[in-house]
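Report on the structure given below.
Number of protein chains: 2
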Amino acid sequence: MPGPLSLNTVTVKERWGLRECIEGCARHGIPGISPWRDVLQGMGVEAAARAIRDAGLSVSGLCRGGMFPAADAGGRAAAIEDNRRAIAEAHAIGAACLVMVCGGLPPGSKDLEGARAMVRDGLHAIMEEARAAGVTIALEPLHPMTCADRSVLSTLGQALDLCDELGEGSGVALDVYHVWWDPALRAQLARAGRRIAAFHVCDWLVPTTDTVFDRGLPGEGVIDIPGIRAMVEAGGYRGHTEVEILSRRWWAADPDDVLQEIKRRHATAC
Amino acid sequence: MPGPLSLNTVTVKERWGLRECIEGCARHGIPGISPWRDVLQGMGVEAAARAIRDAGLSVSGLCRGGMFPAADAGGRAAAIEDNRRAIAEAHAIGAACLVMVCGGLPPGSKDLEGARAMVRDGLHAIMEEARAAGVTIALEPLHPMTCADRSVLSTLGQALDLCDELGEGSGVALDVYHVWWDPALRAQLARAGRRIAAFHVCDWLVPTTDTVFDRGLPGEGVIDIPGIRAMVEAGGYRGHTEVEILSRRWWAADPDDVLQEIKRRHATAC
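Sequence order for the protein chains is A and B. In terms of the UniProt record's numbering, the first sequence opens at residue 1 and continues consecutively. In terms of the UniProt record's numbering, the second sequence opens at residue 1 and continues consecutively.
Structure, rendered in structure tokens:
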């Protein structure tokens, strides 16, 4: 049995704001939610925190912090400031973690090692504040096809190397979509243990027609989701199974139908 | 200075067969060529071998063997037979190596470890024949975004693990497009040493609009090609710099213009 279902709000972002997502989760009996910051700010952090609490929902994460690399020192400082606000927001809504999409190459740059150093520096700069707020910083390795423009953090092994450095208060957000291909996945999950702070599911479609917005629902593609979940649980993970779908196809559907379909697939394909 | 330029025929495949490629290389002063098997067979292997020799071209590789995983034993045996023919063809044209695109998941399968075992088994089955023919089997790690449908061999480290097993006569075809993102690249290239049997260049575009057919010419994207080349050469590689571009955009251009542009970029961006 997968962990309790959580809805990542990006899954229905074209039609529902956060209030509709909260009401939808309550209506469909989905016990968890994971908002993106744009819809959280759209509703207002305090109002959202209250509505989530009143609906009895758990918050499996807040998406997203990160985006540290920038062309100049001012840009990097601004990114760190924004991450501080994200930590405060995550604290305010009682999120289990702040999911970090670390950022790609600065515009015009080919200096990948430099960008990775900016990510490391940015994370070090916010860890004390995160620990003080009790917000776990969940590093999300993103699929290598996003390395240039979204995340130079590309593998679970690399994320765990960073966790080793960052220490207490750091962990990993593991999305099957980003890591299923990795020949080191089994070994690195064994190494990760309880540092898995979030578990995200969706599926890899064949063919995949867009590098960002063509994910499938669990069971639509080729990822052995139960197999990966078993490895995650073997390390001690007992949190939510969060469904996060970036898909132009599913964004066009009625959100109530999407939630129905997600519930069905959570029970049968995760 | 990059190694001598070689033209991979797929770069102009929409407009030129192998004869036109050979003549084009001669006309533009490009000293190397790397045919795909479809155009080689289209011209005829003996005729091609003669024309390549007469034009004074080196053959930096033959593309491609591999594609081992299949849904049943008959399919896997057929793949091995086809690889035997590829070895004979590579020998006939004096190719420096046979480039292996190992294959994805069998249709309907989610068993990634099983597919990887099929690749290993297939490679073991052909190594003796390859060694006898003096054809280096060059394992090409492909970008993880191709894992489902083209290659379950996804990283340089994984390719070198296989080389460790396969021993003499095996090596790696390193394409910057497939490996540039890898946080382990520097360490694995140090490990690879002289096992790099081919060096392919092209570039990662931002954004990338297709997972297969949207590569850039060297310098059009974000890959630090000279930086990777320096690491490859530090291990002892002294072979060609092969330009292999799968691009709907460049396929639409006049092949003579493409070859001009490639020569310019080989001198300035590799």
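In this text, a Cβ means the ideal position worked out from N, Cα and C, and glycines have one as well.
Residue 153/B carries a coil assignment under DSSP once its states are collapsed to helix, strand and coil.
In the same chain as residue 103/B, and ignoring 5 residues on each side of it, the C-beta atoms closer than 6 Å to its own belong to 66, 67, 68, 69, in chain order. Residue contact with chain B for residue 187/A: absent (no Cβ-Cβ distance below 8 Å to any residue of chain B).
For the pair residue 36/A and residue 211/B, the Cα-to-Cα distance works out to about 27 Å. Taking 9 Å as the cut-off between beta carbons, the residues of the region 198 to 232 of chain A near chain B are 204, 205, 206, 207, 208, 209, 210, 211, 212, 221, 222, 223, 224, 225, 227, in sequence order. The beta carbon of residue 216/A sits closer than 8 Å to the beta carbons of 202, 203, 204, 205, 245, 247 from its chain, once the five residues preceding and following it are set aside; these are given in chain order. Three or more beta-carbon pairs separated by less than 8 Å link the region 128 to 147 of chain B to the region 86 to 102 of chain B, which places the two stretches in contact. No Cβ of chain B is located within less than 8 Å of the beta carbon of residue 47/A.
Ranked by how close their Cα comes to the Cα of residue 240/B, the residues 270/B, 222/B, 112/B, 221/B have 270/B in first place. Contact annotation for residue 143/B against chain A: 144, 145 [CB-CB distance below 9 Å, chain order]. Going by beta carbons, residue 242/B and residue 192/B fall outside the 8 Å limit. Taking every protein chain shown into account, the CB of residue 76/B has 16 or more other CB atoms within 10 angstroms, so this residue is buried.
Against chain B, a Cβ distance below 7 Å from residue 110/A picks out 222, 223, 224.
Within the region 235 to 255 of chain B, contact with chain A at the beta-carbon level (separation under 7 Å) is assigned to no residue. Around the beta carbon of residue 1/B, fewer than 16 other beta carbons sit within 10 angstroms, so the residue counts as exposed. For residue 80/A, the uninterrupted alpha helix (DSSP H) segment begins and ends at 73 to 92. For residue 105/B, the residues of chain A that pass the 7 Å Cβ criterion are 222, in the order they occur in the chain.
The C-alpha of residue 178/A is placed about 22 Å away from the C-alpha of residue 111/A.
When rounded, the separation of the alpha-carbon atoms in residue 114/A and residue 208/B is 22 Å.
Taken through DSSP and simplified to helix, strand or coil, residue 221/A comes out as coil.
Note on geometry: alpha-carbon atoms of residue 116/B and residue 32/B lie some 32 Å from one another. Separation of residue 119/B and residue 3/B (C-alpha to C-alpha, rounded to the nearest whole angstrom) is 31 Å.
The C-beta separation of residue 174/A from residue 200/A comes to about 7 Å, placing the pair in contact by the 8 Å criterion. For residue 149/B, the C-beta contacts it makes with chain A under 8 Å involve 206, 207, in order along the chain.
For residue 181/A, the chain B residues whose C-beta falls within less than 7 Å of its own C-beta are 144, 147, 154, listed in chain order.
Proximity of chain A to residue 158/B at the Cβ level (cut-off 8 Å) is accounted for by 183, in chain order.
Counting along the chain, residue 241/B sits inside the beta strand (DSSP E) bounded by residues 241 to 243. The alpha-carbon of residue 56/A is positioned some 53 Å away from that of residue 219/B.
In this structure residue 182/B is buried. Its beta-carbon is surrounded by 16 or more other beta-carbon atoms within 10 angstroms. The region 4 to 24 of chain A makes contact with the region 257 to 264 of chain A: 3 or more CB pairs, one atom from each, lie closer than 8 Å. In this structure, residue 62/A sits near residue 95/A, with a CB-CB distance shorter than 8 Å. For residue 100/B, there is no enclosing alpha helix (DSSP H); the enclosing beta strand (DSSP E) covers residues 97 to 101.
When secondary structure is reduced to three states using DSSP, residue 12/B falls in the helix class.
For a cut-off of 8 Å, the C-beta gap from residue 135/B to residue 79/B is around 17 Å, too long to register as a contact.
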